[in-house]
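Reviewing the structure listed below.
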Amino acid sequence: MSKSELLQIVQLALTLVLWLTIVGGLMVVLYRQPRRNRDDKNEPGLERAHFPWGVSRHVETGQFAPIERDRADNLSQDEIEWASELGATTDEEVLDLVRKHRESLT
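All residue numbers for the sequence shown refer to my numbering, where the first residue is 8 and numbers rise by one.
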């Protein structure tokens, strides 16, 4: 193998790495954007942001904003969704409903 062939292989490999990095970066950026919730298909403009530590909430209205991480660690996703179905619209209401429910079980 000559020096020019090795340079071509290295150049091709670096080009491939560059393109994979760009495509991967775009995928991450697009994935992190608010996604449409299937329940909101008939209501344009109601996009939801999905957070790993809390609940998904309407982006425009701010309803169901994420609970702070230190407090959300003690809540399961089912508990958060249950409280929001009962009409809890703030973090404090979600926490109060879940706390009262847990106390009633003991």
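C-beta atoms are modelled at their ideal positions from N, C-alpha and C, and glycine is treated no differently. Note that the structure is predicted; figures quoted are calculated from it, not measured.
Per the coordinates, the alpha-carbon of Leu-102 lies some 14 Å from the alpha-carbon of Ser-111.
If you check the CB distance, Val-105 and Glu-86 come in under 7 Å. Here Ala-90 carries a helix assignment [DSSP, helix/strand/coil].
When rounded, the separation of the alpha-carbon atoms in Leu-27 and Val-17 is 15 Å. According to the DSSP assignment, Leu-82 belongs to no alpha helix (DSSP H), since it is labelled neither H nor E. When DSSP states are grouped into helix, strand and coil, Thr-97 belongs to the coil group.
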